[in-house]
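Colleague: Structure below; questions to follow.
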Amino acid sequence: MPEEVVLYFCITQKGLLNSCRMYIRIRFLNFIVLRVLTIVLTISALSIPLSAEVDVDLGKKLFKSNCASCHKLDKKLIGPALAGVTQRRSEEWLLRWIRNNAELRASGDADAKAIFEEYNGSIMSAFPALADDDIKSILAYTDAVPVVAPPKEISPGLPIAEPVNDSLLLYIFGGFLILFVTLLLQIRNTLKEINGQNKSTVIQDFNLLTQWLVGNKRFMTAATIVSTVAFLYQLFWFLMGIGVETNYQPVQPIAFSHKIHAGENQVDCNYCHSSARHSKHSGIPSTNVCMNCHMYIDGSEILNDAGVAKYAGERSPEIAKIYSAIGWDAENRSYIDNYETKPVRWIRIHNLPDLAYFNHAQHVTAGGVECQTCHGPVQEMDVVYQYSKLTMGWCINCHRETEVNTSNGYYADAEEGTQSINERLALKFHDELITVEKIGGLECGKCHY
Amino acid sequence: MAKDKVYWKGFDHLANTEVSKRLSENEFAEDIPMDQFLGDDNLMGNSSTSRRDFLKYVGFSTAAATLAACEQPIVESIPYVVKPDSLTPGMPAYYATSYVDGQDFASVLVKTREGRPIKIEPGDKARFNWGTNGRAQASVLSLYDSARLKQPLKAGVESDWTTISLDLKEAIDQSVTEGKQFVLMTGSVFSPSMKLVIENLRQSYANLVHVEVDAISNSKVLDVWEDLTGVRSIPGIDMKAADIVVSFNEDFLSSSIPQQLSSDYAFRRKPGKGMLRHIHLESNLSLTGSNADKRIKLKPSQVEFSLAFLLNFVSGTKYHVGKIDKILTDQLERVAKELIAAKGKSLILVGGNSTSNAYLCAALNAALKNFGSTIRPDRPIYTQSGSDLAFDNAMADMNQGQVGVLVIAGPNPVYNRIGFDLALNNVEYSLSLTDRLDETATLTDAAAPVPHYLESWADFAPTNIDFSVSQPVIRPLFNSKPVIEVLSELVGIKKSSKDLVKESVISQGLNWSQTLHDGGASIKIDSETLSISEIINRAITSVKVANSTLNTIDNSVMEISLYQKTVGAGYQSNNPWLHELPDPISRCSWDNYLTISAADALAMEFINETLSNGALDGSLADIQAGEYSLKNVPVLIQPGQAAGTVGLALGYGRKKVGKVADGLGVNANELNLSKGFGSVVISKTDGMHQFASTQLGNTMMGRKIVNEVSLNDFINDPKGSTWNEKPTYHTLDGTIGTDEANLWKNHDHETMHMWNMSIDLNSCHGCGACVIACHIENNVPVVGKAEIRNFRDMHWLRIDRYYSSDMTAEIADMEDIGVVAKYAGMEKPGVSPEVVFQPVMCQHCNHAPCETVCPVGATVHSREGLNHMAYNRCIGTRYCANNCPYKVRRFNWFNYQKNERFTSVNPSQDDLGRMVLNPDVTVRARGVMEKCSMCIQNIQFGKLEAKKAGRPLKDGEINCACESACDSGAITFGDVNTRNSAVQIAKNDSRSYHLLEEVGTQPSVFYQTKVRNRI
């Protein structure tokens, strides 16, 4: 989904939060319809195949997994910038160096020794597992990418970057509808004229219909009942929706994208939210966890949708926020002494009331529930929103339906000569599915104390 | 038979007054004061708001609230920048440390959450004094006391440490040139690193005088032991080796001696053959005395003659015994015979700071061959070392202007010694290193904050075989500096307290990390005490001298004996939890008072009266002790008080401790009784005092509430068929037990866990540490004196205390007393009533009367045998509380966290005090019921830990707060579905019974019959 749409959606959301909830629902439905349309349109318009060579793709992949922690294409990191390296060195030399640089140095190669000394004796890892073709692919990748891409305006012609104006579409549809109705009326009047009847205007027709309906008692009774029920129904759901913040999508202090981290790069949720396995809190990663990767990845290689370096080869301003929080001097690649750290003030999205006790470890470790079950497709979210309702009814429903992970030793094991919980459950429930409800998961005191 | 005994809760209960009756029918004696919590009375009366206006406001505010609720507040979530490795948000971390507050010493475990200490738990059992009493439990709140000194003060103006250090150094240098003394006044020092620093200081400054002073002096006893053993220390006591303990005025269960004995006492009091027999002789009814098998009342002045009498009887000597009346000598003879029968396995303890008593006690123990078995001079305890002589000399020097510099680090002599405030005027420069601007620190030239024990590094050698360390569990909250750093800077050593402690630990040959992890280590330093034969010789020789100094005291003189309540010597007076806990005996909270016997009260026209709302009022008295006096002391009639004696608790009457306790009670130190007892003149004054007593609350009349049996009956009938009969019902199907007579279907308690709790009434001493632990664990609000007086205490766990009549069926049979006379006798209070304690919390009934009456289903049953309480469903009808036969449900009458009426007492009203709240337990709002949850947060936590590890639950893995706070192991909690779990064994024990079993509530809590070792 285009980023602008997301932002727009976000802004719309924030603005509407202050007004009536009913309005949100209507707008949201509208929006869903429009979004589906947009996606369909976009997909149909976007049938441009990527005309890239396969080995460059492979090279990019291999570069990211093997080289990126020390090398950049356009800039010195721990090791030299690699763009255009094939012009500087022979392919054969590069193959030897990459496979086992220590061996090359030991063999007395002057170039190898010189580069080793230039980088203060930092030892590069050996990659004996890389095949010649792999290395060639990597080299092809380093060649394929322009060294410095000039900052470019995003070209307006590309449909993917075009923000779709949903209200404009609405007007167009509306226009068509009016045109259609007008045409129909025209046809009707023409037909009437042919039949020799009197022409009637729309207003006249409407007045006649209204008079007939108002005079009809049955219709009036039915209409009153229907509208009352509809009103009460809407009122009930309006009241029930108070405090339910599904789709709550605040703007965060750092434009962190779960789509990039959890989706594209397949970072495990537990890598950053490590306490989810141990504690009641999933835990927002502390800044030093970000630094595990972002000490090397500063975002300068990020491309925009046009395939052009997004930040003109400069450090991403979002990643710079991490550096400023923890006090990392990216130029000298060291932490600044006595730096007054600035903790990142994230906006909490999932807010349970204080009266409800929720424990992540219970669900993640003991229950084996996937994060996505409650948090939705986070790996597809650029900006995270609240996916589930987080109401008590939502919790209870899941507890009614979900089977307990009875393979856990807590249920399955028992001391010699005693019954395990599983055996006792089998005595009581026989072959029935053991849901959370059956072991007491609906009891008040399990979550409220 | 034991079950025929009549228990009564107080004089009003006994007389069965109108109020008492009404309270037994309703939970609250008077109507609910709507106007009080709705708003100001005057405002309500003068208001021009009509009904119509009111409805408009209601309509508008409902609409406004609904609209306002549409928008969610923005909640920030701020992670660490660099998260400490040892910390996982949401998970507790435990650290071993040592608790010291100037009076007590204990090895404890501190529970921290997100880097803040929230609970104190008993330490490793290998450490010295591993148990936690009420003060140790409550001490975590003292850390978050907003009355603590935050900045160094110079002449009352905020200053800094550099200025303080410079001033001190300059003043000391001046005192050296002027030839004046540099007095360092501390509490008892038993920290090796501190001792080393003071030694260094002594070498640098020849004019240094180090004075150790204890808040409650034990100096004379220490002098005696120094004379006898060669080392100034109290000998260790091995209660486990004793078969009989005879204690004279020594409240050893409340730890007025520095060794914690309650766990050993409980261990030896397990019912069965060889159960420890306990005879207690005292004037006030103490906690220890109320646990005794035989309690003999005597006046404090009779102690020394009684000891001499016993000594004569045991060793055939002829010491001067003064005039003791026949009744007492008869009783003493019986005691002496028992002691002779248990030679070498007996233990004599004596309380009070008296030289002659200490000599006589030592001689008696020597004559009974107790040295080396129950009394261990080779295990000296160093936690007390204060010297009255050194203090008096220092004060005399101060008065004569010979003191140039006075540094007070710890003690508060202006509060607990007479005349120190005047002596301070003659000191050129005085500095208080103190935790708050107390009575002393406000009078010194400068005052500077020291860290709380949870913020400090320290080491201790409480005995010759134990070494303990103290480590900080939180960064210092204020600009404080440890005493040890201040002192070592004076001799030019600029090291942190951590380094000093580390050096000390390593010098003991210990591993630093291991010692820190364990909270200490066992060491072996040979004690320098003399050989046991030499001690016995000395004890026997010195007693002659001591005995010759005894004076006979006129029997008609009123004698006072000072004692300690939960608040102790008053170091933690500003801790509301200690005041909120009702006194175990009198059940009065937030007060100290003169306890007096009913006979003396009658003679002196002191009255205790119960008002129409059930609150207790008492007369006031003036006390004159020689030239010292105390005015307007409230008088409480105390059953079991020896005639001709009165008692008064120490630790009250503080003036500069903080908003909680300023002006609470009277200061017993003003009577200047260095021995802890003496003769006084009592006179009645006008006016009445309002007590906050819980004594009339929640009466449970004349049924099998506390079941009791004598040891002989217990041994003869181990199955309990004669002394633990189960109630039965006669139905059409025949006679059935209470568990079969059901109106409802049984819950499924077999499939999952079934949490039960056993309370052993034999091990429960009634100290109340569990009540405080429960308060802390469950965020129970403090309500203050006025609300307790209204019987609106919020304790989830209370300890009921019942007095009994001395008359029992056995005595009636033996002495051939008729039925009418027997029952009349049972109704009367005994001359020396026996006391029983019974902790009562929610019984988690499996057929709970509360559950059936809740209109909104806020209280429901779980399949794990618990009675759940969902606060957010509760609409406050209080129907459940009315229907509860145990009266354990508590209603939140106020928003204690916000209402300004509770600002001075409720710790959670300021940001600092709020830090102590347990983040796993909801803080309840106004208008909801609450009650014991059996620490369900711990149950859930324990289950989850097992699931995370993928293993079944282990017995003893999950603890309730009350259970872990109990040193004596009276409370056992666990899953009865686990085979051979401690609680399953307890449930099947013949002593086990349910409270009010005949009601048919089938509680999950059961009690173990109390066994008394009567002869």
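Chains as they are written, first to last, in my numbering: chain X, 1 to 449; chain G, 10001 to 11015.
Ideal Cβ placement from N, Cα and C applies to all residues, glycine included.
Nothing here was measured: the structure is a model prediction, and the numbers come from that model.
Which stretch, first to last residue, makes up the alpha helix (DSSP H) that contains G/Ser-10497?
Modeller: G/Ser-10497 -> alpha helix (DSSP H) spans 10497-10507.
Colleague: If you follow the beta strand (DSSP E) that G/His-10689 is part of, which residue opens it and which one closes it?
Modeller: First-last of the beta strand (DSSP E) with G/His-10689: 10677-10690.
Colleague: Report the start-end ranges of each alpha helix (DSSP H) in the region 286-368 of chain X that is 4 residues or longer and not cut off at the edges.
Modeller: The qualifying runs are 287-294 and 317-326.
Colleague: If you measure between the beta carbons of G/Phe-10252 and G/Leu-10281, is that distance less than 7 Å?
Modeller: No.
Colleague: Any residues in the region 346-361 of chain X with a beta carbon nearer than 9 Å to a beta carbon of chain G? Which ones, in chain order?
Modeller: If the cut-off is 9 Å between Cβ atoms, the region 346-361 of chain X has Trp-346, Ile-347, Arg-348, Ile-349, Asn-351, Pro-353, Asp-354, Leu-355, Ala-356, Tyr-357, Asn-359, His-360 and Ala-361 near chain G.
Colleague: Within the continuous alpha helix (DSSP H) that includes G/Gln-10937, where are the two ends?
Modeller: G/Gln-10937 -> alpha helix (DSSP H) spans 10936-10949.
Colleague: Out of X/Trp-394, X/Thr-201, X/Phe-173 and X/Asp-57, which has the shortest C-alpha to C-alpha gap to X/Gln-186?
Modeller: Of the listed residues, the one whose Cα sits closest to X/Gln-186 is X/Thr-201.
Colleague: Helix, strand or coil for G/Ser-11004? Go by DSSP, reduced to three states.
Modeller: Three-state result, G/Ser-11004: coil.
Colleague: Give the straight-line distance between the Cα atoms of G/Asn-10537 and G/Phe-10305, rounded to the nearest whole angstrom.
Modeller: Cα to Cα, G/Asn-10537 sits roughly 21 Å from G/Phe-10305.
Colleague: How long is the line joining the alpha carbons of G/Ile-10408 and G/Gly-10568, rounded to whole angstroms?
Modeller: Looking at the two C-alpha atoms, the distance is approximately 21 Å.
Colleague: For X/Asn-408, return the contacting residues in chain G, with the cut-off set at a CB-CB distance below 8 Å.
Modeller: What X/Asn-408 touches in chain G: Lys-10947 and Gly-10950.
Colleague: By the 8 Å beta-carbon criterion, what residues does the region 10054-10067 of chain G contribute toward chain X?
Modeller: So the list reads Thr-10066, given in the order they occur along the chain.
Colleague: Taking 7 Å as the CB-CB limit, is G/Glu-10851 close to chain X?
Modeller: No, G/Glu-10851 lies away from the interface with chain X (no Cβ there is under 7 Å from its Cβ).
Colleague: Identify, in the order they occur along the chain, each residue of the same chain with its Cβ nearer than 8 Å to the Cβ of G/Ala-10961, setting aside the five sequence neighbours on each side.
Modeller: So the qualifying residues of the chain are Lys-10119, Cys-10770, Ala-10773, Cys-10774, Ile-10776, Glu-10777, Asn-10778, Cys-10935 and Asn-10938.
Colleague: Anything in the region 10844-10875 of chain G with a Cβ closer than 9 Å to a Cβ of chain X? List those residues in chain order, please.
Modeller: So the list reads Gly-10857, Ala-10858, Thr-10859, Val-10860, His-10861, Ser-10862, Arg-10863, Glu-10864, Leu-10866, Asn-10867, His-10868, Met-10869, Ala-10870, Tyr-10871, Asn-10872 and Arg-10873, given in the order they occur along the chain.
Colleague: At the 7 Å Cβ level, is G/Met-10701 part of the contact set with chain X, yes or no?
Modeller: Interpretation of G/Met-10701 is limited by its pLDDT of 47, a score under 50 that renders its predicted location unreliable; the figure taken from the coordinates is listed afterwards. No, no contact with chain X.
Colleague: Since X/Lys-61 sits in a beta bridge, which residues does DSSP pair it with?
Modeller: Its beta-bridge partners do not exist; DSSP assigns none.
Colleague: On the three-pair Cβ rule with 8 Å, is the region 10714-10733 of chain G touching the region 10923-10935 of chain G?
Modeller: Output reads no: the region 10923-10935 of chain G does not touch the region 10714-10733 of chain G.
Colleague: Would you say X/Tyr-23 faces chain G, with C-beta separation under 7 Å as the test?
Modeller: Caution is warranted here: a pLDDT of 46 is assigned to X/Tyr-23, below 50, making its placement in the model unreliable, and the coordinate value is therefore given only provisionally. No, its Cβ sits nowhere closer than 7 Å to a Cβ of chain G.
Colleague: Here's the rule I'm using: 16 or more other beta-carbon atoms within 10 Å means buried, otherwise exposed. How should X/Trp-237 be labelled?
Modeller: Classification for X/Trp-237: exposed.
Colleague: Quick one: which chain X residues come within Cβ less than 7 Å of G/Met-10091?
Modeller: Per Cβ cutoff of 7 Å: His-278 and Ser-279.
Colleague: Is any beta-carbon of chain X found at less than 7 Å from that of G/Ser-10077?
Modeller: Output row for G/Ser-10077: interface = yes.
Colleague: How about the region 10104-10124 of chain G and the region 10462-10478 of chain G: do they share at least three Cβ pairs that are nearer than 8 Å?
Modeller: In short, these stretches touch, since the Cβ pair count reaches three.
Colleague: Thinking C-alpha only, which one of G/Pro-10919, G/Val-11005, G/Gly-10969 and G/Arg-10951 is nearest G/Lys-10111?
Modeller: When only C-alpha atoms are compared, the closest one is G/Pro-10919.
Colleague: Of the residues that make up the region 221-240 of chain X, which ones have a beta carbon closer than 7 Å to any beta carbon in chain G?
Modeller: Flagged: no residues at all.
Colleague: What's the gap between the Cα of G/Thr-10566 and the Cα of G/Asn-10669?
Modeller: Approximately 17 Å between the Cα atoms of the pair.
Colleague: Give me whichever residues DSSP pairs with G/Gly-10734 in a beta bridge.
Modeller: DSSP output for G/Gly-10734 lists G/Thr-10731 as bridge partner(s).
Colleague: Taking a cut of 8 Å between CB atoms, which residues from the region 10522-10539 of chain G lie near chain X?
Modeller: Listed by position, the residues of the region 10522-10539 of chain G near chain X (Cβ gap below 8 Å) amount to none.
Colleague: Among G/Asn-10872, G/Lys-10954 and G/Ile-10682, whose alpha-carbon lies nearest the alpha-carbon of G/Tyr-10628?
Modeller: The shortest Cα separation from G/Tyr-10628 among G/Asn-10872, G/Lys-10954 and G/Ile-10682 belongs to G/Ile-10682.
Colleague: Could you tell me which residues DSSP pairs with G/Ala-10363 in its beta bridges?
Modeller: G/Ala-10363 is not bridged to any residue.
Colleague: For the region 10744-10763 of chain G, list every residue whose C-beta sits within 8 Å of some C-beta in chain X, in sequence order.
Modeller: Flagged, chain order: Asp-10748, Glu-10750, Thr-10751 and Met-10752.
Colleague: To the nearest whole angstrom, what separates the beta carbons of G/Pro-10152 and G/Asn-10412, a pair I think is in contact under 8 Å?
Modeller: About 18 Å; that fails the 8 Å criterion.
Colleague: Just tell me which of X/Leu-442, X/Ser-65, X/Asn-422 and X/Gln-249 has its CA closest to the CA of X/Trp-394.
Modeller: For X/Trp-394, the nearest C-alpha among the options comes from X/Leu-442.
Colleague: For G/Val-10921, go through chain X and note every residue whose CB falls closer than 8 Å to its CB, in chain order.
Modeller: Result: Tyr-449.
Colleague: Less than 8 Å between the CB atoms is what I'm expecting for G/Lys-10684 and G/Ala-10621, so what's the real figure, rounded?
Modeller: About 6 Å separates the two Cβ atoms, so the contact holds.
Colleague: Are the Cβ atoms of G/Pro-10885 and G/Leu-10141 separated by less than 7 Å?
Modeller: Their beta carbons are not under 7 Å apart, which means G/Pro-10885 does not touch G/Leu-10141 by this criterion.
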